[in-house]
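Enquirer: I have a structure here, written as structure tokens, and I will follow up with some questions on it.
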Amino acid sequence: MMVVRAHPLFLLGGVLQPSVLLLVVFFARGQPTGEQAARVATAVLLMAYWGSTVWQGAAILRRERLIGTLAHFMRGVRSPMLVLTGKALGASIAPALLTSVTVAVMMVLLRSPISVASPGWFVVGLVAAVLSGTALGTLLCSLFLLTRFGGQLSSALLYPVFLLAGLLIPVEFFPAGIRWLGWFVSLRWAQQFLVSASQGTPDFSALALLGLLMVVYAVAAVTSFRRIDHLARVRGTLELG
Amino acid sequence: MSWADASDRVVLAAKIGLREHLADNPLSVTLSTTWPRALLQCLFFTMLGRVIGGADGQAYTFVGSIAITITLFTLVQICDVPMRDRWSSTFYRIRSSEMPVPLVYAIRSWPLLVEGALVAVLCILLVGLFTVQFALMLQLLALVPIYLLLVLTSGAAGLTAASVALFGRAGNDVFVGNLGQYLIIAASGALIPPGRVAWLDAIGSVLPMRHGLLAIRSNLAGEPWLAHLLCEVVVGLCWGLAAVLLYTYMARRIRRNDHDKVT
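Protein chains in written order, with this note's numbering: chain F, 6 to 246; chain D, 124 to 386.
Pasting the structure below:
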């Protein structure tokens, strides 16, 4: 509750966005059932979660710079990468929990509660999605430090991912030439695994691809943060204050 | 203040509005991030309609998605116009000027209104082409004047929302603008046809876009549409009046008490 009070944007990504998307899908289309309902719920969950990750996680270092603590952050006793990872994890977990609760409550209110046949694997999928979001948030927040237009970039990244991941709109609706781009979006595999787990037939190849992309994002995050560190402390070309 | 003075001030406010807008959103950034995001959002909601209701659903959401895209500029980004004075601690200059506060912000918002209109036209052309809706695309191009009216009415609502953001807690600007946009997505009839959810219809009837979209859809169906258009004008005027009253009241309260965070 304190997090939500302190950052009203959590309400946008965690409550408002998933609620409105579910209302649109349910009332424009009619009641989805079974696997369709699970697909819609996980799609909305992941979309709202991705939106929060891009807005909250990716803004961590920019916020440090805005309030004047970035220099201390980079020169602290603890490894800045460790602190950043912790902050990114916090920025991922809070919206993930809020969004999950919102989607679950909305599905009940819309009289379409989802039954999860493999709850254990479903939780594993959610945790993997959160870790993947954490890695991505860490990567983006390092990149966004290089430009003062991070806000615009954050917002520009939302819809390409929603479209390419095939969350609410199946990739078959797009030209064949661009469908392969969705392979690099972890949300696609997260949804595939979560839907399969809810049906009791976990798709482990999707989980493996989700894990692989998480590792790729994490390596890219570490590399880009080292680059930021180099620019700031060795070359002195990145303003920290 | 003479007419010549007044017109000079209006021109100056318009120039400052453009300079501020370009400083925060250089053309290269606008063309590479903001406009593509707007077009992709329109494409997303249009294709969602196709998934939900086939070709008819896609045509329905295409008309509404263009209106939703306009709100990116007239509801979300417009909050930045007065907020720049809060961030720079320059609001005291605005409230002590001879021009009324709401008029200053209305004039400074013009680049966003123009952007909203341009992007609406681009959405009709590009999303129409991508989703192969050529006939509807041509029909909508003829109805661009109604979309221009929607730019103005939603801009009036955006300025009202911005006044709440300006005098509220820090960070409220993003929240209030986005809240307005989500309300319009859910209740304006852009995606969910009117008559399906009573409480959404009730909310939507006082929001901008709702009646204008009904006018567009009625026009497309060959039905009478002027009454809907007049309703949209009335709703827009009400939001404009609300903005005038809120800015005037807040500015007077700050002048009298001198205790607000907005300086």
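Note that the Cβ used here is the ideal one computed from N, Cα and C, for glycine as well.
#1: Report the neighbours of PHE178/F on chain D: residues whose CB is nearer than 9 Å to its CB, in chain order.
#2: Which residues in chain D sit within 9 Å of GLN22/F, going by Cβ to Cβ distance?
#3: Name, going along the chain, the residues of the stretch 29-43 of chain F whose beta-carbon falls closer than 8 Å to a beta-carbon of chain B.
#4: Label GLN36/F either buried or exposed according to how many other C-beta atoms from any shown protein chain fall within 10 Å of its C-beta, with 16 as the threshold for buried.
#5: Please state if the CB of ALA190/D and the CB of ALA313/D are separated by a distance shorter than 8 Å.
#6: Show which residues of chain D have a CB atom less than 9 Å away from the CB atom of ILE174/F.
#7: What do you get for PHE257/D, buried or exposed, if any count of 16 or more other CB atoms within 10 angstroms of its CB means buried?
#8: Going straight from the alpha carbon of GLY359/D to that of GLY303/D, what length do you get?
#9: With DSSP run on the structure shown, which of helix, strand or coil describes GLN181/D?
#10: Excluding the 5 residues preceding and the 5 following PRO225/D in the sequence, name in chain order all residues of the same chain whose CB lies nearer than 6 Å to its CB.
#11: Name, please, each residue of chain F whose Cβ falls closer than 8 Å to the Cβ of ILE308/D.
#12: Taking C-beta pairs closer than 8 Å, name the residues in chain F that ILE315/D reaches, listed in chain order.
#13: If you reduce the DSSP assignment to three classes, tell me which class ASN295/D lands in.
#14: Of all Cβ atoms in chain F, is any one closer than 8 Å to the Cβ of GLN256/D?
#15: Buried or exposed for GLY300/D, going by 16 or more other Cβ atoms inside 10 Å?
#16: If you run the structure through DSSP and keep just helix, strand and coil, what is ARG160/D?
#17: Measuring only between beta-carbons, confirm whether ARG319/D sits less than 8 Å from chain F.
#18: Say whether the stretch 215-234 of chain F touches the stretch 185-201 of chain F, bearing in mind that this needs 3 or more beta-carbon pairs closer than 8 Å, one atom from each stretch.
#19: Need the endpoints of the alpha helix (DSSP H) that GLU238/D sits in, please.
#20: State yes or no: is the C-beta of THR143/F within less than 8 Å of the C-beta of ALA211/F?
#21: Using the Cβ count rule (16 or more neighbours within 10 Å means buried), how would you classify ILE183/F?
#22: Among PHE31/F, GLN61/F, VAL224/F, which residue has its Cα nearest to the Cα of PHE15/F?
#23: Between which residues of its own chain and ALA223/F is the CB-CB distance below 7 Å, once the five residues before and five after are set aside?
#24: Is the CB-CB distance between LEU168/F and ALA195/F below 8 Å?
#25: For the putative contact between LEU148/F and SER84/F, defined by C-beta atoms under 8 Å, what is the C-beta separation to the nearest angstrom?
#26: I'd like the ranges of any alpha helix (DSSP H) spanning at least 4 consecutive residues and lying wholly in the stretch 302-338 of chain D.
#27: Can you tell me the Cα-Cα spacing of ASP179/D and ALA33/F, whole angstroms?
#28: For GLY205/F, which residues of its own chain have a beta-carbon under 7 Å away from its beta-carbon, when the five flanking residues on both sides are left out?
#29: Report the rounded CA-to-CA distance for LEU89/F versus ARG209/D, giving the unit in angstroms.
Expert: Let me lay it out:
#1: Per Cβ cutoff of 9 Å: MET170, ARG173, VAL174.
#2: Within chain D, the residues near GLN22/F are ASN301, TYR305.
#3: Protein chains in the displayed structure are F and D, and chain B is not among them.
#4: Per the 10 Å Cβ criterion, exposed.
#5: Yes, they are a contact pair.
#6: In chain order: PHE167, MET170, LEU171, ARG173, VAL174.
#7: Result: exposed.
#8: Rounded to the nearest whole angstrom, the CA to CA distance from GLY359/D to GLY303/D is 14 Å.
#9: Looking at GLN181/D - three-state DSSP - the assignment turns out to be helix.
#10: The residues are ALA366, VAL367, TYR370.
#11: Residues of chain F passing the Cβ test: VAL25, VAL29.
#12: The answer, in chain order, is LEU28, VAL29, PHE32, ALA33.
#13: Three-state result, ASN295/D: helix.
#14: Chain F contact via Cβ: absent.
#15: For GLY300/D, the number of other beta carbons within 10 angstroms of its own is at least 16, and it is reported as buried.
#16: If DSSP states are grouped into helix, strand and coil, ARG160/D belongs with the helices.
#17: Closer than 8 Å: yes.
#18: Result yes; three or more Cβ-Cβ pairs closer than 8 Å.
#19: Its alpha helix (DSSP H) spans residues 233-245.
#20: Cβ atoms of THR143/F and ALA211/F: not closer than 8 Å.
#21: An exposed status is given to ILE183/F, since fewer than 16 other beta-carbon atoms sit within 10 Å of its beta-carbon.
#22: Checked all of PHE31/F, GLN61/F, VAL224/F; the closest Cα to PHE15/F is GLN61/F.
#23: Scanning its chain for C-beta atoms nearer than 7 Å, with the 5 sequence neighbours on each side dropped, one finds around ALA223/F the residues ALA140, in chain order.
#24: Not a contact, by the Cβ cut-off of 8 Å.
#25: About 20 Å separates the two Cβ atoms, so there is no contact after all.
#26: Taking only runs of at least 4 residues, the alpha helix (DSSP H) segments lying wholly in the stretch 302-338 of chain D are 321-327.
#27: Rounded to whole angstroms, the gap between the alpha carbons of ASP179/D and ALA33/F is 12 Å.
#28: These residues qualify, in order along the chain: ALA122, SER123.
#29: In a straight line, the C-alpha of LEU89/F is about 30 Å away from that of ARG209/D.
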